[in-house]
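One structure is given here, and the rest of the page talks about it.
2 protein chains.
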Amino acid sequence: MAETTKKVFVKSVSRNTLAKQVVERIVQLLVSGQMKPGDKLPPEMELMEELEVSRPVLREALSSLEMLEVITRKTRGGTYFNNKIGSKPFSVMLALSVDNLQAVIEARMALELGLVTIAAEKITDEELQKLKESIDRIAESRDNNYGESDKEFHRIIALSANNEIVEGMIDSLLIAHNQTDRQIKYRERELTVEHHTAIYNALLKRDPHEAFTQMYRHLKYVREKILQTVQSLDF
Amino acid sequence: MAETTKKVFVKSVSRNTLAKQVVERIVQLLVSGQMKPGDKLPPEMELMEELEVSRPVLREALSSLEMLEVITRKTRGGTYFNNKIGSKPFSVMLALSVDNLQAVIEARMALELGLVTIAAEKITDEELQKLKESIDRIAESRDNNYGESDKEFHRIIALSANNEIVEGMIDSLLIAHNQTDRQIKYRERELTVEHHTAIYNALLKRDPHEAFTQMYRHLKYVREKILQTVQSLDF
DNA sequence: TCGGTATATTTGTCTTACAATAATTTTAAA
DNA sequence: TTTAAAATTATTGTAAGACAAATATACCGA
Numbered sequence: 328m329a330e331t332t333k334k335v336f337v338k339s340v341s342r343n344t345l346a347k348q349v350v351e352r353i354v355q356l357l358v359s360g361q362m363k364p365g366d367k368l369p370p371e372m373e374l375m376e377e378l379e380v381s382r383p384v385l386r387e388a389l390s391s392l393e394m395l396e397v398i399t400r401k402t403r404g405g406t407y408f409n410n411k412i413g414s415k416p417f418s419v420m421l422a423l424s425v426d427n428l429q430a431v432i433e434a435r436m437a438l439e440l441g442l443v444t445i446a447a448e449k450i451t452d453e454e455l456q457k458l459k460e461s462i463d464r465i466a467e468s469r470d471n472n473y474g475e476s477d478k479e480f481h482r483i484i485a486l487s488a489n490n491e492i493v494e495g496m497i498d499s500l501l502i503a504h505n506q507t508d509r510q511i512k513y514r515e516r517e518l519t520v521e522h523h524t525a526i527y528n529a530l531l532k533r534d535p536h537e538a539f540t541q542m543y544r545h546l547k548y549v550r551e552k553i554l555q556t557v558q559s560l561d562f
Numbered sequence: 328m329a330e331t332t333k334k335v336f337v338k339s340v341s342r343n344t345l346a347k348q349v350v351e352r353i354v355q356l357l358v359s360g361q362m363k364p365g366d367k368l369p370p371e372m373e374l375m376e377e378l379e380v381s382r383p384v385l386r387e388a389l390s391s392l393e394m395l396e397v398i399t400r401k402t403r404g405g406t407y408f409n410n411k412i413g414s415k416p417f418s419v420m421l422a423l424s425v426d427n428l429q430a431v432i433e434a435r436m437a438l439e440l441g442l443v444t445i446a447a448e449k450i451t452d453e454e455l456q457k458l459k460e461s462i463d464r465i466a467e468s469r470d471n472n473y474g475e476s477d478k479e480f481h482r483i484i485a486l487s488a489n490n491e492i493v494e495g496m497i498d499s500l501l502i503a504h505n506q507t508d509r510q511i512k513y514r515e516r517e518l519t520v521e522h523h524t525a526i527y528n529a530l531l532k533r534d535p536h537e538a539f540t541q542m543y544r545h546l547k548y549v550r551e552k553i554l555q556t557v558q559s560l561d562f
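Chains as they are written, first to last, in the numbering used here: chain A, 328 to 562; chain B, 328 to 562.
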């Protein structure tokens, strides 16, 4: 408590609240390797002393980290670093882009094009099997309400890339244009099945280029379809 | 203050703190279209009343939203919704994956493969010009210290896709394996220039497939190089 | 050994007070 | 009248302390 001769010099670009500094210091525990994902953090009382901040400030920092899904807190159970990146932060952030449908679609495009390429390198036989089943479900659907199976198809591919960082983002993006998706009147089932099958076959051959090519064709179609539909709704 | 007969029924999967609920409600203002990016939020006092929570709880929620770069706060200036998704949240979250270099690289791969494809549809002449300059800087560098120009090349392409959602993520990813990047002893300048030039030419032709192909070739090389290097350091 | 009960630890929420910042208004000078 | 300086005030930032709620742990009895 004696001296407080620090904190003088960085008056950096974006305002530095105490809570932000605390977040930064806690994150550094991971970056510097002092703590690892899954580790338990000290209780708030200890952290307050160690970091020399009041409880509200500390709690603002911890709340933020919890919202970012970097930590998990449980009453009486303590606070732990999570093991991998979560998906909710993305959906929250995506709220800023709700009125920019094109950005959402193209973000999804960008991700899926990359992921299908990597998936072609890695996909397992079981995943291929599940892919096939999701195609069959679409083909057999009598009504035109196969939206869930459609999403499932894309989700399986994303997961096949087996990348913990990007996994969460896909879901948020797929969900994001759910609303629009639902408004597409003519679901052209046969075309969807044809596209999906082509992608599936490319993955079966473990051919990254072909997988990319087929996915690109498919997503260009989806993009056009969605943007068309929205346009006709807005004007 | 009279009755408090609500909040009874959802005891959902992940524990619902008041702060989280407040975040959700504020985000809904955007999703429902009641408020738009750039809009000013009511001062804390009003929000407390409206949402019927104490100030610390409200402030935990606002802190979280600020950390997610969904809002910006300024002392005495008020609180505003931001206009687009930011990049810092990603770098914070990435802290959980510091020890998973492969995931970082492949996340970058996935994103860049998709982005270069979309960039090929959209890139402007000015951006092409800047790309060419960044290649020249690498070619002319006498030492082997062209890391910045290298990153610049990839950054320009990412920005050319002109997608506000993905923009932020690339920076975080490029920075993330900066450390490793720096440890690569043999920077094979000529090969880098050759790869970059091939990508540039594809973009010049606005050829998405060719752009993808060349970027894939390049990134496969980068991935192998980095993983090799790290392996030789760790063991 | 098992099952229930009590205890204590840890996170969750609220109230109040004051500090710091900067937008706004007022005042004074040119 | 315009401009610049100074005072005011609205708004966010930080702190302290108290109590509530939840539950992991220890304890006790059957």
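Glycine residues also receive a C-beta, built at the ideal position from the N, C-alpha and C atoms.
- Contact between B:Ile-432 and B:Ile-553 is confirmed by a C-beta separation of about 6 Å, below the 8 Å threshold.
- DSSP places A:Thr-399 inside the beta strand (DSSP E), whose first and last residues are 398-401.
- Think of a sphere of 8 Å around the beta carbon of B:Ala-488: the chain A residues whose beta carbon falls inside it are Glu-433 and Ala-437, in chain order.
- At least one beta carbon of chain A lies nearer than 8 Å to the beta carbon of B:Tyr-543.
- Think of a sphere of 7 Å around the beta carbon of B:Leu-442: the chain A residues whose beta carbon falls inside it are Ala-437, in chain order.
- At a cut-off of 4 residues, the continuous stretches assigned as alpha helix (DSSP H) that sit fully inside the stretch 423-501 of chain A are 428-449, 452-467 and 474-487.
- With the rule of 3 Cβ pairs closer than 8 Å, the stretch 445-458 of chain A does not count as touching the stretch 406-417 of chain A.
- Between A:Pro-416 and chain B, the shortest Cβ-Cβ separation is below 8 Å.
- Cβ-Cβ distances below 6 Å link A:Ala-388 to Ala-346, Val-349 and Val-350 in the same chain, with the five nearest sequence neighbours on each side left out; the list follows chain order.
- Under the DSSP assignment, B:Thr-519 falls in the alpha helix (DSSP H) whose first and last residues are 516-531.
- The stretch 481-493 of chain B makes contact with the stretch 416-432 of chain A; the number of CB pairs closer than 8 Å reaches 3 or more.
- Of the other Cβ atoms in all chains shown, fewer than 16 fall within 10 Å of the Cβ of A:Ser-381; this residue is therefore exposed.
- Secondary structure note for A:Gln-355: its alpha helix (DSSP H) is the uninterrupted segment 345-358.
- Rounded to whole angstroms, the gap between the alpha carbons of B:Met-436 and B:Leu-368 is 38 Å.
- Taking B:Lys-449 as the centre and dropping the five residues before and after it, the same chain places the C-beta of Ser-487, Ala-488 and Asn-489 closer than 7 Å to its C-beta, in chain order.
- Taking 8 Å as the cut-off, the Cβ atoms of B:His-523 and B:Tyr-548 do not count as close.
- Within the stretch 367-389 of chain A, contact with chain B at the beta-carbon level (separation under 8 Å) is assigned to Pro-383, Arg-386, Glu-387 and Ala-388.
- With its beta carbon at least 8 Å from every one in chain B, A:His-504 lies outside the interface.
- DSSP places B:Pro-416 in the uninterrupted alpha helix (DSSP H) bounded by 415-421.
- For A:Leu-385, the three-state secondary structure derived from DSSP is helix.
- A residue is called buried once 16 or more other Cβ atoms fall within 10 Å of its Cβ, and B:Gly-404, having fewer, is exposed.
- Exclusion of the five residues before and after A:Leu-530 leaves Ala-447, Ile-450 and Ala-538 as the residues of its chain whose Cβ lies within less than 6 Å of its Cβ.
- Not a single C-beta of chain B is nearer than 8 Å to the C-beta of A:His-481.
- By the Cβ rule, the stretch 393-404 of chain A counts as touching the stretch 416-423 of chain A, because three or more pairs are nearer than 8 Å.
- By DSSP's assignment, A:Leu-378 forms no beta bridge with any residue.
- Sequence-distant Cβ neighbours of A:Ile-484 in its own chain, meaning closer than 6 Å and more than five residues away, are Val-443 and Ala-446.
- When only Cα atoms are considered, A:Leu-438 and B:Asn-472 end up about 31 Å apart.
- Ranking B:Ala-434, B:Ile-526 and B:Met-496 by CA distance to the CA of B:Asp-477 puts B:Ile-526 first.
- Residue-level contact check: A:Lys-401 touches chain B, since one or more beta carbons of chain B fall below 8 Å from its beta carbon.
- Counting along the chain, B:Gly-365 sits inside no beta strand (DSSP E), nor does DSSP assign it H or E at all.
- Burial check for A:Leu-518: the Cβ neighbour count within 10 Å stays below 16, so the residue is exposed.
- The C-beta of A:Ala-422 comes closer than 8 Å to at least one C-beta of chain B.
- The beta carbon of A:Ile-445 falls within 8 Å of a beta carbon belonging to chain B, placing the residue at that interface.
- With respect to B:Tyr-407, B:Gly-365 sits close: the two C-beta atoms are nearer than 8 Å.
- When C-alpha distances from B:Thr-344 are compared across A:Val-425, A:Thr-399, A:Ile-502 and A:Val-354, the shortest belongs to A:Thr-399.
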